[in-house]
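See below for the structure under consideration.
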Amino acid sequence: MGKHMGYLNHECDLPLSVDSCLLELPPYLPKYKRWFFSMKKFFTIDERSARTKRFFRSYATVMSEKKRHAEGEYSKIIHPFSRCAIYKERLICILWMTSLLLDPIRWSIFMPCDTDHALFKIQLALDVAFLLNVVVTCFTGYCVPLTREIIFSPKIILKNMALSYLVPETLSSLPYKHVLLKCFGINPRKSRAMAICAIRLLRICRLTDMIRYLINILQELNIPESISTIMIVFLMAFFMIYWSACGLYFVSICYYTWDGLPTESWLFGGENKDMNFLHKRVCSGTAREFFDLLVTTFIRSTCHFFGASEGYREIILTVEKLVCALVLVSGYIYSNYAMAKVLELFGSVNISESKYEELIYQVSEYVRSKHLSENLRKRLILYYEYKFQKRFFKEEEILATLSEHLRCEVFLHTCRNILERVPLFQGMSKGVIGSVIGYLKREIYLPNDVVIKYGEPLTKMFWISHGTLAVYFGTDMTEILHFEDGDHFGDYSILKKGGTAYLSIVALEITEIFTLARKDVKHCTAFVKEMTEKVIRIGKEKIHLYTSLAKMMSDEGSQNMVLADLRKGRILEKDRWRKKRPKTMVKSSAYSTEN
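UniProt numbering applies: residue 1 is where the sequence shown begins, and numbers increase by one.
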């Protein structure tokens, strides 16, 4: 049967297992309970998403995290790698982008307008959506980038996001103008109290989150990193200029009030017209008039942002000069930031990524010169991408410059996954483990690569760090089980007599394995002394287990298929209502009975 698990696409002969880590549903479960079960799967980790595959190194790690979330104390918390969290992130990214466009116009150009304006109704709906997002965020886990730890505790979530996310987002979503107009009866044309709407400037704090969400969306669309970086740089520049333009408008109106604005202000555009005309142009004018006003303001802000000129008209008022100076300083800082990003992208600042791209280019040229197949080219690219994680470095030269103690610490940290999960190392002293770690070699196997072939002599002992392997027994290649993170095999290779492989092992996904070669065993005498008895004992148990599994798979193959179909609900019928018989048939049957 095909086993499609996001990471793996493998025709598996093993009995079908429940990978959702949730209770299996009976065939006759009511629809509302099935809906509840589907929602629970919607809130847990999605192993098929590209983001999950980038974060977790193997399918076994994903299943372990899924089990931890489903069976843990905080199973009702939304997982940050779930479909719910991913869809919410995409939706909020679009809503934030819309709000960052509409919000500045609302509290600047459209400040004197009534709340019945269509723009205010749209923004009110967005604010309600943002407040709902604040509530949902309190029940959504988050990932710590440095430790790659996923937090589910509501107390820690509130403590971590209170000041940086929850409070600013809540304050920037409250309807201040509606309160001032409806509750206090303040005239927005004559009062400086409307300056309280500046609290909504906290919405700009979400610009970094919006950019991060947008980068995730671009990665899921497989947009190259260079193109996405350029898009982000231009998008941030647009929003900063746009907000600066609205800020020029907002500060002038709040300082002088709408009716008290001097005619020397740049808002009049050099025309000797009163504020009633400007108010009518903004609130009751045509779309063309509003667009012309917005473009004029945007061009002036762009000129000051890049220090090009003063725009169409000279700035006379002191307050407006101060705002323009602030815009100029902001533009100077951002221009340097944008230049740094460009140097990081194309220059020597990001030399590790540049060398990786150079290596991939050399690999592509090598494939082209040797006339290798497209499939082989993809496998080579996949190998280098997994090995270097898109950052090229020479590990041997780096380790050669370290002291023996530091080198041992680096090896211990690199092999921490197998040290924590392999039962073979449990209880061993640090000295014994340290004598082995230095001789371990890291190997990477791509899907369908043969790690061990039946009948070949054992020359290495293997420990799986990340990945999944299929295990086949005997010459008939009967699949009996899977090896995953923390498993080990090839134990007899460290014995003097050695051994012959009685299994064939094939990689199902990209698998990282640490090996100890037979020629290096002589340097690990303490390890060999402590391991010899364990290897002989465990080896006998493994042979008995593998033989039993192979016999069960061969003798009960048909029965396993029936059980698999039963688990899928293919054998049991679905409940169906019996159709009503026609009345004529009922009468005729009754008549025949009486006769």
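Cβ coordinates follow ideal geometry from the N, Cα and C atoms, glycine included.
Cβ-Cβ separation, residue j to residue i (assumed contact under 8 Å), whole Å
i	j	result
leucine 343	serine 226	With a Cβ gap of about 13 Å, leucine 343 and serine 226 do not count as contacting.
leucine 214	isoleucine 232	7 Å
leucine 469	threonine 511	6 Å
glutamate 71	isoleucine 45	In fact, because the Cβ distance is near 13 Å, the residues do not count as touching under 8 Å.
leucine 516	lysine 460	6 Å
isoleucine 480	alanine 550	5 Å
tyrosine 249	serine 108	4 Å
methionine 553	threonine 478	5 Å
alanine 60	aspartate 491	Not a contact, Cβ separation roughly 20 Å.
tyrosine 334	methionine 428	The pair is not a contact, with the Cβ atoms about 56 Å apart (cut-off 8 Å).
phenylalanine 139	glutamate 169	Their Cβ separation, rounded to whole angstroms, is 15 Å, which puts phenylalanine 139 and glutamate 169 out of contact at 8 Å.
isoleucine 217	arginine 90	6 Å
valine 363	tyrosine 384	7 Å
phenylalanine 152	tyrosine 74	4 Å
phenylalanine 483	isoleucine 505	7 Å
serine 301	serine 244	4 Å
Residue i to residue j span [Cα, whole Å]
i	j	result
phenylalanine 120	arginine 106	7 Å
arginine 576	serine 173	With a pLDDT of 44 at arginine 576, under the threshold of 50, the modelled position of this residue cannot be trusted; read the value that follows with caution. Each residue's Cα considered, the two are about 50 Å apart.
tyrosine 356	isoleucine 444	18 Å
asparagine 272	serine 265	Unreliable placement is indicated for asparagine 272, whose pLDDT of 46 sits below 50; the coordinate value is still reported in the next sentence. Roughly 11 Å between the two C-alpha positions.
phenylalanine 514	lysine 441	5 Å
lysine 378	leucine 446	11 Å
cysteine 408	tryptophan 35	52 Å
proline 224	tyrosine 502	45 Å
phenylalanine 43	phenylalanine 37	10 Å
isoleucine 381	asparagine 375	10 Å
glutamine 219	aspartate 209	15 Å
histidine 117	histidine 178	12 Å
threonine 532	isoleucine 538	10 Å
isoleucine 77	lysine 40	10 Å
serine 330	serine 164	22 Å
alanine 125	cysteine 93	15 Å
cysteine 254	methionine 339	35 Å
isoleucine 571	proline 30	Unreliable placement is indicated for isoleucine 571, whose pLDDT of 46 sits below 50; the coordinate value is still reported in the next sentence. Cα to Cα, isoleucine 571 sits roughly 18 Å from proline 30.
lysine 321	leucine 294	20 Å
arginine 48	lysine 341	32 Å
Of the residues the options, the one placed nearest residue i, counting alpha carbons only
i	options	result
serine 252	Ile316, Val521, Tyr213	Ile316
tyrosine 242	His304, Asp127, Lys370, Pro224	His304
asparagine 133	Tyr87, Leu261, Asp491	Tyr87
threonine 98	His117, Ile109, Gln123, Phe110	Gln123
leucine 328	Tyr337, Glu314, Ala308	Ala308
proline 175	Lys41, Ile156, Ala198	Ala198
phenylalanine 411	Asp127, Ile437, Lys540, Lys542	Ile437
aspartate 127	Arg148, Ser82, Trp96	Trp96
proline 80	Leu131, Leu419, Val136	Val136
glutamate 456	Ser493, Ile92, Trp463	Ser493
phenylalanine 489	Asn448, Val62, Glu509, Ile536	Ile536
threonine 229	Met428, Tyr337, Leu294	Tyr337
leucine 146	Cys205, Phe55, Lys155, Ile299	Phe55
threonine 52	Thr296, Cys143, Gly247	Cys143
arginine 313	Ser164, Thr263, Tyr454	Thr263
glycine 434	Arg416, Asn448, Asp449, Val450	Arg416
threonine 257	Arg203, Ala195, Glu310, Leu235	Ala195
tyrosine 386	Asp487, Ile157, Gly467, Leu101	Gly467
valine 450	Ile157, Leu399, Leu166, Ala507	Ala507
leucine 202	Lys155, Tyr361, Val167, Met236	Val167
Beta bridge counterpart(s) of residue i as assigned by DSSP
i	result
tyrosine 149	Looking at the sequence shown, residue 149 is not tyrosine but glutamate. Glutamate 149 pairs with Val144.
isoleucine 105	Note: isoleucine 105 sits in no beta bridge, so no partner.
serine 82	Ile45
Original post:
Which residue spans inside the UniProt domain "Cyclic nucleotide-binding" (424 to 523) form an unbroken alpha helix (DSSP H) run of at least 4?
Top reply: 430 to 437
**OP:** Kindly provide the ranges of any alpha helix (DSSP H) runs that are 4 or more residues long and lie completely inside the region 155 to 181, ordered along the chain.
**Re:** 167 to 171
Subject >> Segments assigned beta strand (DSSP E), at least 3 residues, entirely inside the region 327 to 399 >> reply: none
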